[in-house]
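One structure is given below, encoded as structure tokens.
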Amino acid sequence: MKRTNIGKIVIITGVTQGLGRAMVDRFHELGWSIFGCGRSKDKIEELKKYYGNTHDFQIIDVSDSQQVSNWANDILNRHRAPDLLINNASIVNKNAPLWKVTVQEFENVMNINVNGVVNVIRALVPAMVARKEGMIINMSSSWGREGEAELAPYCASKFAIEGITKSMALELPNGMAVVALDPGGSISTPMLYSCAPQYVNESPTPEMWSHHAIQYILNITIDKNGASLTCPECM
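Here my numbering is used: the first residue of the sequence shown is 341, the next is one more, and so on.
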């Protein structure tokens, strides 16, 4: 990939592993300025060491609205609203029938996967709306469009993302768009290993996925506002 997007800004949540970490590498190759966050102190420090001052990575729990607000204000005070916002941070519950999922675990999944997305939108999208420009990608899942046994909390959270996206699309000004994006098929991430380890060895790595997925994301046009999209699968 060529560095053809000097000056473009992307904000990505959940950059410490899996798809988020792979997206960082691809956007770097394309010349974007990256602002990313994650909860792992060690992995954020690794990103800072690897990329130096080229990009900006912070330890943020997206379920904490004050942390997100402070992070967003810091970015916007020093730079401008992003061209692209990718709400990627999410977790999955331990496999179990819904009636065996504890209150705390259900709340944890919803707090990260749903409240976290809303916190980021609340903190960053007003600046994008003021510019009347920008794209928001809410990472969804095939399990946000159909159910899966023993993953009801995760499915519920991704169904919520689909609904949030469609409602938000009706609220954005001309020149902006928000889409719900299913990564497309199984990808060999820590999350897949947790909930469906039988598919890990036969699934593409996040690095493989990111090479075609980022091009797909960058080709999404504003006329897709509100759409539920799916990245083409790679093997």
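Glycine included, every Cβ here is placed at the ideal spot set by N, Cα and C.
Among Leu424, Cys377, Met548, nearest to Lys472 - alpha-carbon criterion: Leu424
Alpha carbon to alpha carbon, what distance is there between Asn427 and Asn453? 9 Å
For Met508, tell me which candidate among Trp411, Glu488, Ala520 has the shortest Cα-Cα distance. Ala520
In the DSSP assignment, what residue or residues form a beta bridge with Cys377? Looking at the DSSP output, Cys377 shares a beta bridge with Thr353, Gln398.
Take the Cβ of Asn433 as the centre, count every other Cβ of all protein chains shown within 10 Å, and call the residue buried at 16 or more, exposed below. buried
So, at 7 Å on beta carbons, what are the nonlocal neighbours of His551 in its own chain, with the 5 sequence-adjacent residues on each side left out? Arg366
Can you have a look at Val340 and say buried or exposed, based on whether 16 or more other CB atoms are within 10 angstroms of its CB? Residue 340 lies beyond the stretch modelled for the chain, which goes from 341 to 575, so this question has no answer here.
Since Ala436 and Glu490 should fall inside the 8 Å C-beta cutoff, what is the C-beta to C-beta distance between them, to a whole number of angstroms? Confirmed, Cβ separation roughly 6 Å.
Cutting at 7 Å between CB atoms, please list the residues of its own chain near Lys383, excluding the five before and the five after it. Thr356, Gln357
Any beta-carbon of chain B closer than 8 Å to the one on Asp563? Among the chains of the structure shown, chain B does not appear; only one protein chain is present.
Exposed unless 16 or more other CB atoms sit within 10 angstroms - verdict on Tyr494: So Tyr494 counts as buried.
Quick check on the DSSP output: the alpha helix (DSSP H) that includes Val364 runs from which residue to which? Per DSSP, the unbroken alpha helix (DSSP H) holding Val364 starts and ends at 358 to 369.
Do Ser480 and Ser380 have their beta-carbon atoms positioned less than 8 Å apart in this structure? It is not a contact, given that the beta carbons lie outside the stated cut-off.
Starting from Ile501, follow the alpha helix (DSSP H) in both directions and report where the run begins and ends. Taken as a continuous stretch (DSSP letters only), the alpha helix (DSSP H) holding Ile501 covers 492 to 509.
Can you name, in chain order, every residue of its own chain whose Cβ lies under 6 Å from the Cβ of Ala500, other than the five neighbours on each side? Val454
Limits of the unbroken alpha helix (DSSP H) element including Ala463: 456 to 471
DSSP on Gly474, reduced to helix/strand/coil? strand
Among residues of its own chain, excluding the 5 on either side of Glu502, which ones have a beta-carbon nearer than 8 Å to its beta-carbon? Here the set comprises Ser480, Gly484, Arg485, Ala520, Ser568.
Within a Cβ cutoff of 7 Å, which residues of the same chain sit near His419, ignoring the five residues on either side of it in sequence? Ile349
Which value, in whole angstroms, describes the spacing of the CA atoms of Ala385 and Ala412? Checking the displayed sequence, the identity of residue 385 turns out to be Glu instead of Ala. Looking at the two C-alpha atoms, the distance is approximately 19 Å.
Enclosing beta strand (DSSP E) for Asn427 [first to last residue]: Where Asn427 is concerned, the enclosing beta strand (DSSP E) stretches over 424 to 427.
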